[in-house]
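These notes are about the structure you will find just below.
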Amino acid sequence: AQSVTQLGSHVSVSEGALVLLRCNYSSSVPPYLFWYVQYPNQGLQLLLKYTTGATLVKGINGFEAEFKKSETSFHLTKPSAHMSDAAEYFCAAHGDPITGTASKLTFGTGTRLQVTL
Amino acid sequence: GAGVSQTPSNKVTEKGKYVELRCDPISGHTALYWYRQSLGQGPEFLIYFQGTGAADDSGLPNDRFFAVRPEGSVSTLKIQRTERGDSAVYLCASSADIGETQYFGPGTRLLVL
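Which chain is which? The protein sequence lines are W and F, in order. Going by my numbering, the first sequence runs without a break in its numbering and finishes at 608. Going by my numbering, the second sequence runs without a break in its numbering and finishes at 1410.
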């Protein structure tokens, strides 16, 4: 079964510093991978996704993630943190639609990003 | 266009009561999903619909939970004989088709006293 692991339930960075949120997946076949952001009392908003092709994916708000098959990782980065980036971030995965395993997302437990002055 | 909407935004009920949670997906989206998010956890899959039929309900925790989507658009998640452990945020998502990006609603926060 698919599983997604996010290392670090809380990450704190200074404004302007690099943001790195870690995500590893467990699957024998590379899944489709996603990062969602959740602001307080709001739903999940898609930041970016990897399906096939280029392994470096750019998303909204200056975020990007790199799919590394050899490391089974999909870490999220942003060069310079902004106060407005403070939120909960979730990594998620589902299977390839062709294999019929794309019906449900499996989420990590989330990483709360704090941005300090 | 409008996103996924869910009503009510908050629901407080007493143990043993019946509740219904409604999801209105993005217009034209054929796939609809329900997830449950407990405090401090990521969302967990409950059920998904392709059109009117429940194509996968493997995530429903027990037979007190069921969901319908009679006309292939709006869906209702129904919980019978609620228990305190059912307290969570219930999220709905829709996608244009299976395997396409899932767009989430704001959720319904359910509190069972």
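For each residue, glycine too, the CB sits at the ideal point set by N, CA and C. All values reported here derive from a predicted model rather than from experimental measurement.
Closer than 7 Å, Cβ to Cβ, to anything on chain W: give me those residues from the region 1374–1389 of chain F, in chain order. Leu-1388
Please determine, among F/Leu-1407, F/Ile-1344 and F/Val-1371, the residue with the shortest C-alpha to C-alpha distance to F/Pro-1358. If we check each option's Cα against that of F/Pro-1358, F/Ile-1344 comes out closest.
Quick one: give me the first and last residue of the beta strand (DSSP E) that F/Thr-1398 is part of. Note, F/Thr-1398: premise wrong, no beta strand (DSSP E); not H, not E.
Chain F within 9 Å of W/Ser-500, Cβ atoms only: yes
By the DSSP assignment, the beta strand (DSSP E) with F/Ile-1376 in it spans what residues? 1372–1376
Report the residues of the region 517–540 of chain W with a CB closer than 7 Å to any CB of chain F, ordered along the chain. Gln-533, Gly-534, Leu-535, Leu-537 and Lys-540
Counting only beta-carbon atoms, is W/Ala-583 nearer than 9 Å to chain F? Using a Cβ-Cβ cut-off of 9 Å, W/Ala-583 counts as an interface residue toward chain F, since at least one Cβ of chain F sits closer than that to its own.
Inside the region 1307–1348 of chain F only - alpha helix (DSSP H) runs reaching at least 4 residues: none
Residues of chain W with a CB under 8 Å from the CB of F/Val-1352: which are they? With the sequence shown as reference, residue 1352 of chain F is identified as Ala, and Val is not the correct amino acid for it. For F/Ala-1352, the C-beta contacts it makes with chain W under 8 Å involve Ser-594, in order along the chain.
I'd like to know whether the C-beta atoms of W/Leu-596 and F/Pro-1322 end up nearer to each other than 9 Å. No, the pair does not count as a contact, with Cβ atoms beyond the cut-off.
C-alpha distance - F/Ala-1364 paired with W/Leu-547, whole-angstrom precision: 38 Å
By DSSP's criteria, W/Thr-607 is part of a beta bridge. Which residues make up the other side? W/Ser-505
Three-way DSSP call (helix, strand, coil) for F/Arg-1406 in this model: strand
Quick check on F/Asp-1360: buried or exposed, where buried means 16 or more other Cβ atoms within 10 Å of its Cβ? exposed
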